[in-house]
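In the numbering used here, the protein residues as written are 53 to 219.
Here the structure is laid out as structure tokens; the discussion comes afterwards.
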């Protein structure tokens, strides 16, 4: 199986994992396969309304959210899915958070850098609780009917100078 990610070294010297092509076409299900053609994700907006979003197993959650045009509620993907801005942060339910693979180190670093912009440790913990970057979580058939929450605010770490990220 071919890798879906490329590794590249940023100017800072850090090795990052980036999707080869965020717009890649997911593998189509074969005839007779039990893999569904699409799954439904239930997205809770900051205004507490719920929007059903169709997603294809194999794509990233961010792709499904972009296709659903949730621009009134969500402004994610400033970095194009390269895990370098944190604007696509979503909050997962306990069961969904447990069902997806553990985040890679670069995703954890990005979330922690964004959380560090909060005033207090309590606000930082709230920012990180069950948070994932939608550009890093691949949709699976088991996610059908899953619920995720769009946060009220996002932190665009592309706009924060590197020297301020570690404050």
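The beta-carbon is built from N, C-alpha and C at its ideal position, and this holds for glycine as well.
These figures come from a predicted structure and were not determined experimentally.
How is residue 125 classed by DSSP in three states: helix, strand or coil? coil
Length of the line joining the Cα atoms of residue 132 and residue 126: 14 angstroms
Could you round the C-beta distance between residue 184 and residue 144 to whole angstroms and report it? I think they count as a contact, below 8 angstroms. 6 angstroms
Less than 8 angstroms between the beta carbons of residue 198 and residue 122, yes or no? no
Skipping 5 residues on each side, what residues in its chain have a beta carbon closer than 6 angstroms to that of residue 102? 94 and 96
Just to confirm the assignment, what range does the beta strand (DSSP E) spanning residue 200 have? 199–201
Between which two residues does the alpha helix (DSSP H) containing residue 148 stretch? 146–151
What first and last residue would you give for the alpha helix (DSSP H) that runs through residue 175? 173–180
Counting only the same chain and skipping the five closest in sequence on each side, list residues whose C-beta sits under 6 angstroms from that of residue 170. 176 and 179
C-alpha distance - residue 159 paired with residue 99, whole-angstrom precision: 27 angstroms
What distance in whole Å lies between the Cβ atoms of residue 163 and residue 138, which are believed to be in contact at a cut-off of 8 angstroms? 6 angstroms
First through last residue of the beta strand (DSSP E) which encompasses residue 93: 91–96
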